[in-house]
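For reference, the structure is listed below as structure tokens.
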Amino acid sequence: MASSDSPIQLTPESSLPEQSGANSGLAPLLLTVVELVRQLMEAQIIRRMEAKELSDEDLERAADSLRKLEEQVVQLCEIFEIDPADLNIDLGEIGTLLPKSDGYYPGEASANPSILELLDRLLNTGVVVEGEVDLGLAQLNLIHAKLQLVLTSKPI
Numbered sequence: 010m011a012s013s014d015s016p017i018q019l020t021p022e023s024s025l026p027e028q029s030g031a032n033s034g035l036a037p038l039l040l041t042v043v044e045l046v047r048q049l050m051e052a053q054i055i056r057r058m059e060a061k062e063l064s065d066e067d068l069e070r071a072a073d074s075l076r077k078l079e080e081q082v083v084q085l086c087e088i089f090e091i092d093p094a095d096l097n098i099d100l101g102e103i104g105t106l107l108p109k110s111d112g113y114y115p116g117e118a119s120a121n122p123s124i125l126e127l128l129d130r131l132l133n134t135g136v137v138v139e140g141e142v143d144l145g146l147a148q149l150n151l152i153h154a155k156l157q158l159v160l161t162s163k164p165i
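Per this note's numbering, residue 10 is the first one in the sequence shown, and the count goes up by one each step.
Here you go:
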């Protein structure tokens, strides 16, 4: 099997940092997801600002909301004794979840894009995801679900 055909393997150091006691559990994972969504929304606001799709009032409200959300993430990191830098998960060959310290600016491609950058690009261009799920019991298909999801940052 060629190296490009081999499955991606996550190593222990690519997962969230281990914690003990009251601080272990879902807090680091939930804060990581919140931070990913916050940075994704920030990228979309920047894109709309540059396209002049936001009024000054909209931009001020959005910036204020992002600032407050970032402060809350930092505050929760302090409460759960999590270093905010630990919210960026290294996914091995896939790359990192969030941009490294040099950051990411929407519309500017980087040599090693993070998952955030890839999600931002998908939202900007749009993507349709289709799938089918069959649930059954005793070799009987009992539930069939056909799903179609349109994911975009633009109005449909």
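All C-beta atoms in this analysis are idealised placements derived from N, C-alpha and C, irrespective of residue type, glycine included. Here the structure is a predicted model, which means the values were calculated and not measured.
Residues near Leu125 in its chain [Cβ-Cβ closer than 8 Å; skip 5 each side]: To locate residue 125, count along the sequence shown from 1; it is residue 116. Shown here for Leu125: same chain residues with a beta carbon closer than 8 Å to its own, the five before and five after excluded, namely Leu45, Gln48, Leu49, Ala52, Leu106, Leu107, Pro108 and Tyr113 in chain order.
Can you tell me whether Ile98 is buried or exposed? The criterion is at least 16 other CB atoms within 10 Å of its CB, across all chains shown. Within the sequence shown, numbered from 1, the residue matching residue 98 stands at position 89. Burial call: buried.
May I have the straight-line CA-CA distance separating Glu59 from Val43, to the nearest angstrom? The residue labelled residue 59 in the question sits at position 50 within the sequence shown. The residue labelled residue 43 in the question sits at position 34 within the sequence shown. Approximately 24 Å between the Cα atoms of the pair.
Chain C contact for Ser74 (CB, 7 Å cutoff): Chain labels in this structure do not include chain C; a single protein chain is all it has.
CA-to-CA distance, Asp65 to Lys155, given in whole angstroms: As a working note, residue 155 is residue 146 in the sequence shown. As a working note, residue 65 is residue 56 in the sequence shown. Between the C-alpha atoms of Lys155 and Asp65 there is a straight-line separation of about 42 Å.
Go to Asp92, then tell me how far its beta strand (DSSP E) extends in each direction, as first and last residue. Against the sequence shown, residue 92 aligns to sequence position 83. Asp92: not part of any beta strand (DSSP E); DSSP gives it neither H nor E.
Determine the direct distance from the alpha carbon of Leu96 to that of Lys77, and round the result to whole angstroms. Along the sequence shown, one-based indexing puts residue 77 at 68. Along the sequence shown, one-based indexing puts residue 96 at 87. Roughly 18 Å separates the two Cα atoms.
Exposed or buried, what is Thr134 when buried is set at 16 or more other beta-carbons lying within 10 Å of its beta-carbon? Translated into the one-based positions of the sequence shown, residue 134 becomes position 125. By the C-beta density criterion, Thr134 is exposed, having fewer than 16 other C-beta atoms within 10 angstroms.
Over what stretch of residues does the beta strand (DSSP E) that includes Leu156 continue unbroken? Here residue 156 corresponds to residue number 147 of the sequence shown, with the count starting at 1. Counting along the chain, the beta strand (DSSP E) containing Leu156 begins and ends at Leu149 to Leu160.
Simplified DSSP state of Gly145, which is helix, strand or coil: Position 136 of the sequence shown, counted from the first residue, corresponds to residue 145. Of the three classes helix, strand and coil, the one that applies to Gly145 here is strand, per DSSP.
On the CB-based measure, 16 or more other CB atoms within 10 Å of its CB, does Gln161 come out buried or exposed? In the sequence shown, the residue the question calls residue 161 occupies position 152. The sequence given here places Thr at residue 161; Gln does not occur at that position. Label assigned to Thr161: exposed.
Under 7 Å between the Cβ atoms of Val142 and Leu158? Within the sequence shown, numbered from 1, the residue matching residue 142 stands at position 133. Within the sequence shown, numbered from 1, the residue matching residue 158 stands at position 149. No, they are not a contact pair.
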